[in-house]
Amino acid sequence: MQIARVALDVPLHRFFDYLVAGQDALTAADIGCRVRVPFGRRSKIGVIVDVLAESEHPLAQLKQVEEILRDLPALPADWFRLTEFCAAYYQAPLGDVMLSTLPAGLRRIDPPKARPAKPPGKFPPAQIAPALTTEQQDALARIASAGEGFNAYLLHGVTGSGKTEVYLRLVESCLAAGRQALLLVPEINLTPQLEARVAARFPEAGLVSLHSELTEAARSRNWRAALEGRARIVLGTRLAVFTPLPALGLIVVDEEHDASFKQQDGMRYSARDVAVFRARERGVPIVLGSATPSLESWANATDSRTRGRYILLTLRERAVENARLPAVQRIDTRLEKLQDGLSGALLLAIEKRLARGEQSLVFLNRRGYAPVLACASCGWTSRCTRCAANLVLHLADRRLRCHHCGFEDRIPKACPTCGNQDIHPFGRGTQRLEEVLAARFPQARILRVDRDSAKSRKQWEVLVEKIHAGEADILVGTQMLAKGHDFPKLTLVGAIGPDAALFAADWRAPERLFAQLMQVAGRAGRAALPGEVLIQTQFPEHPLYAAMVRHDYPEFAAQQLKEREQAGFPPYAFQAMLRAEAPQMATALAFLAAARAWPEAPAHGDVMLYDPVPMRLARRANFERGQLLVESPSRRALQVFLPAWLSAISAQKSPSRLRWHLEVDPLEF
Ligand code: ADP
Ligand code: ZN
Ligand code: ZN
0 MQIARVALDV PLHRFFDYLV AGQDALTAAD IGCRVRVPFG RRSKIGVIVD
50 VLAESEHPLA QLKQVEEILR DLPALPADWF RLTEFCAAYY QAPLGDVMLS
100 TLPAGLRRID PPKARPAKPP GKFPPAQIAP ALTTEQQDAL ARIASAGEGF
150 NAYLLHGVTG SGKTEVYLRL VESCLAAGRQ ALLLVPEINL TPQLEARVAA
200 RFPEAGLVSL HSELTEAARS RNWRAALEGR ARIVLGTRLA VFTPLPALGL
250 IVVDEEHDAS FKQQDGMRYS ARDVAVFRAR ERGVPIVLGS ATPSLESWAN
300 ATDSRTRGRY ILLTLRERAV ENARLPAVQR IDTRLEKLQD GLSGALLLAI
350 EKRLARGEQS LVFLNRRGYA PVLACASCGW TSRCTRCAAN LVLHLADRRL
400 RCHHCGFEDR IPKACPTCGN QDIHPFGRGT QRLEEVLAAR FPQARILRVD
450 RDSAKSRKQW EVLVEKIHAG EADILVGTQM LAKGHDFPKL TLVGAIGPDA
500 ALFAADWRAP ERLFAQLMQV AGRAGRAALP GEVLIQTQFP EHPLYAAMVR
550 HDYPEFAAQQ LKEREQAGFP PYAFQAMLRA EAPQMATALA FLAAARAWPE
600 APAHGDVMLY DPVPMRLARR ANFERGQLLV ESPSRRALQV FLPAWLSAIS
650 AQKSPSRLRW HLEVDPLEF
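Take the sequence shown: its letters are residues 0 to 668, numbered as in numbering that gives the first Met the number 0.
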């Protein structure tokens, strides 16, 4: 009798044993194959994690495997180690983790019949590599001198400094050594352009991409090409970090600071951190690249106590000859009356661009027309009935919309409370800015780029195409516009109202603001035309802006890290967040309080449990939400504490309408 031990996607910290009928001889080579097994009243797809001669369960209770799926090579041993690490580190059930990393098409009982892959399109014209700048050469030489094996590099390079070229040279060596390269980018929107660039450089490498917008069949096909070793380069978003790669030789994480690498539901993992673990475990180099690294990575590369954990490589200059970093200026908005939120200096600068046939970008990180609709006579404001948040006014399609739960409503003709007809939008979003600019510059062609105007990737590509073709004079956009695009005629960037982030309760807000501003600033003046950046602020003396003006990320990072250290925040502490939500706040907080009162908690001296508190957005989609922060100066102490604590919490009987989860290394508070 043979027994297959099987991982299934169920929220239990255990595997399941099944009998294998005699004729279907099972060998150790089947470990890592998928199987179809009966589970409850249905069948499920699982992964064989072990082959045994006997089970600790009575044989009579075991069911039979329905089918062993040997259509793919077995998942390799390092894939098991990777998923085991994630399950342990993020405190998630292993079977769930394993199955969730497979493409949906391979987890289905009846996968849709895969159509044969389209024959590869004609190869793009092979792109010739430019001669490297001295800084690029130095960075590559440093990596080469370290030889093979694991090393983590932090490639800090200003926008346009040629980081991508460094990645491509590393990929080239990796391919020459007969290995596979894994490139991770934060957003789907960024894949097409990098894909084109990589495919043009390495037309024979069988490049595949992996992200959530692919059809199920395409994702299975690409994943399979990676597993079978046919795809020598895999380019993808965070989920691609789990792709099995038998000949992995290099990992690159571009824009490593980007919050999109963090998964926000299910297993809340950081693809960047998982990538670093994977590189170490496989003994291959990993390069984390950014113009504004995360402070965690920066500390790993520069802090004297951790120095040597990451190797810092720096590109200070733009790669294209004569391309300068844009001049950044602060406009003190206390000194003048703004015209619909726009300063005289910014308006004048836009006018000059219009006269010269260049493009301007006005950056405002708030979509919609106005953040709230309000009645001046009784104080009514448009609130979401399901969340502790305002409904945002969207004039383009005449709706009030909640950006947290998706709730929508018509715009009322009069105040719902007092009947006053004179209700007004307060504040400003991108739609309103677009309207203001259109009134001010009637001759200009204005293009708004945000998540409303670029809902799908197709719409986004059309917008980018228009900008490239010079069919827009003024761009109005959110941070969506900030990422990774070269617009050669763009020479002016104006940032409207960035101040809110300076004093936000979320202590990571300044880090995000600095990264966003540096990124939008990086859009200006990429080609021969010099760029200019104007920041409208009421706090021109703020050190964050002072560092911006000097393009001095290291200075900014040093300020922030000092504050973090004094406050005992990450990266000088390690955190986990237990969150609970229920129809009543009292229920959620009581659950958290019971978890906090776990009798053994105080025994773990190095781990501190804070008091349960309502979340900043205390109600979302009719659920009241609370959280409990767990913190330790020692990652190890936290990792020892969490599993024991979690099993105690799981053993508690929790109210039926309460949901809870634990997040390790939370990014948002
Ligand atoms: P980053 O990723 O750092 O923002 P890119 O790699 O996209 O920068 O490079 C910016 C621009 O500089 C691109 O147009 C690229 O083709 C060009 N470039 C990169 N390296 C060189 C080089 N060594 N010589 C000339 N141009 C270069
Ligand atoms: Zn009213
Ligand atoms: Zn809502």
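For each residue, glycine too, the CB sits at the ideal point set by N, CA and C. Just so it is clear, the structure is predicted and the values come from calculations on it, not from any experiment.
Specify the secondary structure class of residue i as computed by DSSP and reduced to three states.
{"i": "P553", "result": "helix"}
{"i": "H467", "result": "helix"}
{"i": "P424", "result": "strand"}
{"i": "F568", "result": "coil"}
{"i": "A125", "result": "coil"}
{"i": "T313", "result": "strand"}
{"i": "S208", "result": "strand"}
{"i": "P243", "result": "coil"}
{"i": "I30", "result": "coil"}
{"i": "A278", "result": "helix"}
{"i": "P325", "result": "coil"}
{"i": "K336", "result": "coil"}
{"i": "R223", "result": "helix"}
{"i": "F502", "result": "helix"}
{"i": "K457", "result": "helix"}
{"i": "G476", "result": "strand"}
{"i": "P37", "result": "strand"}
{"i": "E295", "result": "helix"}
{"i": "K351", "result": "helix"}
Below 8 Å on the Cβ atoms is my guess for residue i versus residue j; work out the distance and round it to an integer in Å.
{"i": "V36", "j": "A6", "result": "Incorrect: roughly 11 Å between the Cβ atoms, too far for contact."}
{"i": "G343", "j": "E350", "result": "G343 to E350, Cβ: 10 Å. No contact."}
{"i": "I285", "j": "A140", "result": "Not confirmed; about 18 Å, so no contact."}
{"i": "S208", "j": "G235", "result": "6 Å"}
{"i": "A617", "j": "A387", "result": "5 Å"}
{"i": "E433", "j": "V475", "result": "5 Å"}
{"i": "A225", "j": "T242", "result": "5 Å"}
With DSSP as the reference, please indicate the residues paired to residue i in a beta bridge.
{"i": "Q358", "result": "L489"}
{"i": "Q63", "result": "L18"}
{"i": "I285", "result": "A151, I250"}
{"i": "M607", "result": "E630"}
{"i": "R619", "result": "F622"}
{"i": "T380", "result": "A373"}
{"i": "F573", "result": "S631"}
{"i": "Q179", "result": "L247"}
{"i": "R578", "result": "Q626, H660"}
{"i": "R271", "result": "Answer is none; R271 lacks a bridge partner."}
Between which two residues does the beta strand (DSSP E) harbouring residue i extend?
{"i": "A3", "result": "1 to 6"}
{"i": "Y152", "result": "151 to 156"}
{"i": "E630", "result": "622 to 631"}
{"i": "G235", "result": "232 to 235"}
{"i": "R41", "result": "41 to 51"}
{"i": "R106", "result": "Here R106 belongs to no beta strand (DSSP E), and DSSP marks it neither H nor E."}
{"i": "T536", "result": "531 to 536"}
{"i": "R196", "result": "Premise fails: R196 lies in the alpha helix (DSSP H), 190 to 200, not in any beta strand (DSSP E)."}
{"i": "V448", "result": "445 to 448"}
Going by other Cβ atoms of all chains shown within 10 Å of its Cβ, with 16 needed for buried, is residue i buried or exposed?
{"i": "N299", "result": "buried"}
{"i": "H56", "result": "exposed"}
{"i": "L516", "result": "buried"}
{"i": "P611", "result": "buried"}
{"i": "F502", "result": "exposed"}
{"i": "T190", "result": "buried"}
{"i": "M0", "result": "exposed"}
{"i": "H423", "result": "exposed"}
{"i": "T332", "result": "buried"}
{"i": "K482", "result": "buried"}
{"i": "E108", "result": "Reading off the sequence, residue 108 comes out as Ile, not Glu. Burial call: exposed."}
{"i": "G21", "result": "exposed"}
{"i": "V461", "result": "exposed"}
{"i": "G428", "result": "buried"}
Note the first and the last residue of the continuous alpha helix (DSSP H) segment covering residue i.
{"i": "W78", "result": "76 to 88"}
{"i": "C173", "result": "162 to 175"}
{"i": "W673", "result": "Residue 673 is absent from the structure shown; the chain starts at 0 and stops at 668."}
{"i": "P542", "result": "542 to 548"}
{"i": "L139", "result": "133 to 144"}
{"i": "R398", "result": "Segment 398 to 400 is the beta strand (DSSP E) holding R398; no alpha helix (DSSP H) there."}
{"i": "L93", "result": "93 to 99"}
{"i": "E433", "result": "429 to 439"}
CB of residue i to nearest heavy atom of ligand 5: below 7 Å?
{"i": "T190", "result": "Only ligand 1, ligand 2 and ligand 3 can be found as ligands here, which leaves ligand 5 out of the picture."}
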